[in-house]
Ligand SMILES: CC(C)(COP(=O)(O)OP(=O)(O)OC[C@H]1O[C@@H](n2cnc3c(N)ncnc32)[C@H](O)[C@@H]1OP(=O)(O)O)[C@@H](O)C(=O)NCCC(=O)NCCS
């Protein structure tokens with residue numbers, strides 16, 4: 004086994020970033036899944052990214068061939084990948100050790116491959132979060148809106164009018180899911196400025212019996228769908244139900260309203276991402292015909308008993 008050398012920095016020279024990207028591509032060809040997510044890939048070349056890069060070299064002393072790469076952000080989220088040609092030589096263990104010493108809280112294993120499971124176990128890490136990727140095909144029969152329970156109606160998001168009400172319900176629905184629940188008006192506007200944004204696919208379910216003087220919550224639930232221009236695969240982007248309306252049979256029809264919209268847009272498939280501990284959402288999506296297509300796992304130190 005040759006010695007592994009690590010280089011930690013906040014910025015990568017252009018040619019080094021290109022070597023890392025090439026390595027990421029070679030690994031994806033072999034693994035069938037990208038080890039480095041889009042945000043961290045963009046951070047490789049962005050001068051504004053505040054991340055820490057760790058580049059690993061192996062082989063002859065002085066060798067400048069990149070053998071592996073790891074990256075972490077300030078909150079402690081991290082990813083790592085080793086060149087398929089230099090695996091099982093201690094590069095992954097060295098990178099992971101450096102990430103953890105530097106403050107990484109959780110390391111993503113996209114696809115949760117056997118090697119990632121082995122390395123995590125070797126390092127004493129455990130799975131702290133599972134993100135399920137689920138999908139199902141769509142056909143013409145999916146294009147019909149399902150009926151909502153009595154007293155509810157659906158309409159499209161109206162930009163300029165619905166932002167505040169949506170932010171409030173989103174915050175309440177995702178109170179225990181900080182990533183989604185803490186979305187601000189600025190974040191929302193940023194998403195609305197993307198070329199995929201389509202208010203017609205951002206569906207709001209309202210309580211038709213609620214009064215505007217505080218007798219209820221007119222916005223009871225929402226299903227925001229996403230479809231990249233020209234894509235035949237749509238996404239259940241965010242689904243939320245106001246806590247006051249949970250447990251009233253809205254989740255099923257709410258899911259169906261979004262998939263019906265995507266089917267009418269010509270999508271032949273729909274996918275979604277859901278946390279493994281969100282058992283109610285997982286059950287709703289399984290009932291709606293979604294199946295797991297991949298599981299991404301975050302490994303971290305076991306929490307103290
Ligand atoms: C996971 C990965 C980073 C491992 O890199 P690596 O340099 O080959 O790992 P190391 O040589 O440092 O292995 C350290 C230990 O991890 C375990 N391990 C590594 N690869 C393994 C495999 N294919 N199967 C089972 N255990 C494995 C072993 O316990 C190994 O110790 P050993 O070689 O003495 O038995 C690499 O396979 C990779 O880049 N995979 C794709 C990206 C990924 O999954 N990243 C997430 C990592 S949490």
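In the working numbering, the protein residues as written are 4 to 308.
For every residue, glycine included, the Cβ atom is placed at its ideal position computed from N, Cα and C.
These numbers come from a predicted model, not from an experiment.
Helix, strand or coil at residue i [DSSP, three-state]
{"i": "residue 222", "result": "strand"}
{"i": "residue 228", "result": "strand"}
{"i": "residue 188", "result": "helix"}
{"i": "residue 77", "result": "coil"}
{"i": "residue 200", "result": "coil"}
{"i": "residue 244", "result": "strand"}
{"i": "residue 205", "result": "strand"}
{"i": "residue 235", "result": "coil"}
{"i": "residue 82", "result": "strand"}
{"i": "residue 172", "result": "helix"}
{"i": "residue 125", "result": "helix"}
{"i": "residue 271", "result": "coil"}
{"i": "residue 212", "result": "coil"}
{"i": "residue 194", "result": "helix"}
{"i": "residue 117", "result": "helix"}
{"i": "residue 37", "result": "coil"}
{"i": "residue 152", "result": "coil"}
{"i": "residue 249", "result": "coil"}
{"i": "residue 162", "result": "coil"}
{"i": "residue 50", "result": "coil"}
Backbone CA spacing between residue i and residue j [nearest angstrom]
{"i": "residue 290", "j": "residue 42", "result": "32 angstroms"}
{"i": "residue 47", "j": "residue 11", "result": "13 angstroms"}
{"i": "residue 278", "j": "residue 296", "result": "14 angstroms"}
{"i": "residue 24", "j": "residue 82", "result": "14 angstroms"}
{"i": "residue 292", "j": "residue 67", "result": "50 angstroms"}
{"i": "residue 155", "j": "residue 283", "result": "21 angstroms"}
{"i": "residue 122", "j": "residue 64", "result": "25 angstroms"}
{"i": "residue 236", "j": "residue 262", "result": "11 angstroms"}
{"i": "residue 127", "j": "residue 54", "result": "25 angstroms"}
{"i": "residue 270", "j": "residue 234", "result": "7 angstroms"}
{"i": "residue 99", "j": "residue 205", "result": "40 angstroms"}
{"i": "residue 203", "j": "residue 250", "result": "26 angstroms"}
{"i": "residue 170", "j": "residue 188", "result": "7 angstroms"}
{"i": "residue 17", "j": "residue 89", "result": "23 angstroms"}
Residue i - containing alpha helix (DSSP H), residue span
{"i": "residue 23", "result": "17-34"}
{"i": "residue 96", "result": "94-104"}
{"i": "residue 302", "result": "Element bounds for residue 302: not the alpha helix (DSSP H) but the beta strand (DSSP E), 294-303."}
{"i": "residue 262", "result": "254-267"}
{"i": "residue 43", "result": "41-46"}
{"i": "residue 283", "result": "282-290"}
Contact under 8 angstroms by Cβ, residue i with residue j
{"i": "residue 29", "j": "residue 104", "result": "no"}
{"i": "residue 274", "j": "residue 138", "result": "yes"}
{"i": "residue 332", "j": "residue 196", "result": "No statement about residue 332 is possible, as the shown extent of the chain runs from 4 to 308 and does not include it."}
{"i": "residue 257", "j": "residue 208", "result": "yes"}
{"i": "residue 214", "j": "residue 265", "result": "no"}
{"i": "residue 7", "j": "residue 97", "result": "yes"}
{"i": "residue 75", "j": "residue 107", "result": "yes"}
{"i": "residue 309", "j": "residue 175", "result": "The structure shown does not extend to residue 309, since the chain is modelled only from 4 to 308, so the question has no answer here."}
{"i": "residue 2", "j": "residue 177", "result": "Residue 2 lies beyond the stretch modelled for the chain, which goes from 4 to 308, so this question has no answer here."}
{"i": "residue 149", "j": "residue 35", "result": "no"}
{"i": "residue 152", "j": "residue 253", "result": "yes"}
{"i": "residue 109", "j": "residue 80", "result": "yes"}
{"i": "residue 2", "j": "residue 135", "result": "What is shown of the chain runs 4 to 308, which leaves residue 2 out entirely."}
{"i": "residue 101", "j": "residue 57", "result": "yes"}
{"i": "residue 146", "j": "residue 230", "result": "no"}
Any chain D beta carbon closer than 8 angstroms to residue i
{"i": "residue 150", "result": "Checking the listed chains, one finds no chain D in this structure; it contains a single protein chain."}
Beta-bridge pairing of residue i - partner residues as DSSP gives them
{"i": "residue 276", "result": "136"}
{"i": "residue 56", "result": "12, 74"}
{"i": "residue 306", "result": "None; residue 306 has no bridge partner."}
{"i": "residue 147", "result": "None, per the DSSP bridge assignment."}
{"i": "residue 69", "result": "60"}
{"i": "residue 130", "result": "302"}
Enclosing beta strand (DSSP E) for residue i [first to last residue]
{"i": "residue 110", "result": "109-112"}
{"i": "residue 157", "result": "155-159"}
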